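Here is the structure we will look at, set down as structure tokens.
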Amino acid sequence: MNNLETLFIPEEIKNIELAGKLVVIIDVLRASSTIVAALANGCRGFIPILSPNQAKKKAQQFEKDMVLLGGEREGIKIEGFDLGNSPREYKREAVKDRIVIFSTTNGVKTLEMVKGAYGIIIGSFLNLQAVCNYCTNYKGDVLIICAGKEGNFSLEDTACAGMLIDSLKNAFSDTCQESDANLTAQLLYEKFGNNILEILRKSQR
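Residue numbers 434 to 638, in our numbering, belong to the letters of the sequence shown in order.
Structure follows, in structure tokens:
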């Protein structure tokens, strides 16, 4: 890893050159956590789609028993979809060996905005160590993007970013670039420590 940047809201992406960057998307509540949980439970993969109607059309390309529709709008399960956007819904018996076509308010929109990046990975509290290891082995620049909530700052996304930054700084103490955004995220994480439940309680979601 050469350089580390953090964005608190997706709208800041328009000022960033994505080519050559490894992007980490963080949407703790709940797209990132849901994707990680589903993959851990044997899901074959996720296809992010911006609109519910497009998602339904995409699902028609697969055999019915191979695909699930998952997602939300403003935190509520989309009408006609199989699953919402809670990690608890994506149990092994529901998702094993199936493809999830996924549409959400914040996370999927952010994924769509970074298609020009070298690589895109999903970050959450659930897989933070794996994300850290992956970033550590990458030889280029890493960009952390908090999906936020409808374009606004998100406490839990930023704290998760801070936890990742803290881990990366431990691995790259001599080369990890200091910036106001990185420091802000790290200080927020340090305020809560590893008390993830308290972070979620303080969140406005």
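Where a beta carbon is used, it is the ideal one built from N, C-alpha and C, also for glycine. Every value quoted in this text rests on a predicted model; they were computed, and no experiment measured them.
| Item | Value |
| --- | --- |
| Per-residue DSSP class, three states only, for VAL469 | helix |
| CB of LEU440 within 9 angstroms of CB of ILE578, strictly | yes |
| Simplified DSSP state of LYS497, which is helix, strand or coil | helix |
| Limits of the unbroken alpha helix (DSSP H) element including GLU379 | This structure leaves residue 379 out entirely; the chain is present only between 434 and 638. |
| Buried versus exposed call for ASP613 [16 or more other C-beta atoms within 10 Å across all chains shown] | exposed |
| Ordered list of beta strand (DSSP E) runs contained in the region 487–560, each at least 3 residues | 500–506, 532–536 and 552–556 |
| Cutoff 7 angstroms; reference ALA594; Cβ partners in own chain excluding five residues on either side | THR439, ILE459, ILE577, CYS579 and ALA618 |
| Beta carbon proximity, LEU440 to chain D, threshold 9 angstroms | The chain labelled as chain D is not found in the depicted structure, where only one protein chain is given. |
| Contact check, THR569 vs LEU601, beta carbons under 9 angstroms | yes |
| Close beta carbons around ILE446, own chain, < 7 angstroms, minus the five adjacent residues each side | LEU440, MET546, VAL547 and ILE578 |
| Cβ-based neighbour list, PRO481, same chain, cut-off 6 angstroms, excluding 5 preceding and 5 following | PHE535, VAL541 and LEU544 |
| Inter-residue spacing [alpha-carbon to alpha-carbon] between ASN435 and ALA470 | 30 angstroms |
| Among GLU496, GLY584, GLU505 and ASN474, nearest to ASN486 - alpha-carbon criterion | GLU505 |
| Contact set for THR538: own chain, Cβ-Cβ below 7 angstroms, skip 5 residues either direction | GLU505, ARG506, GLU507 and GLU583 |
| Distance between GLY513 and VAL457 (C-alpha atoms, nearest Å) | 30 angstroms |
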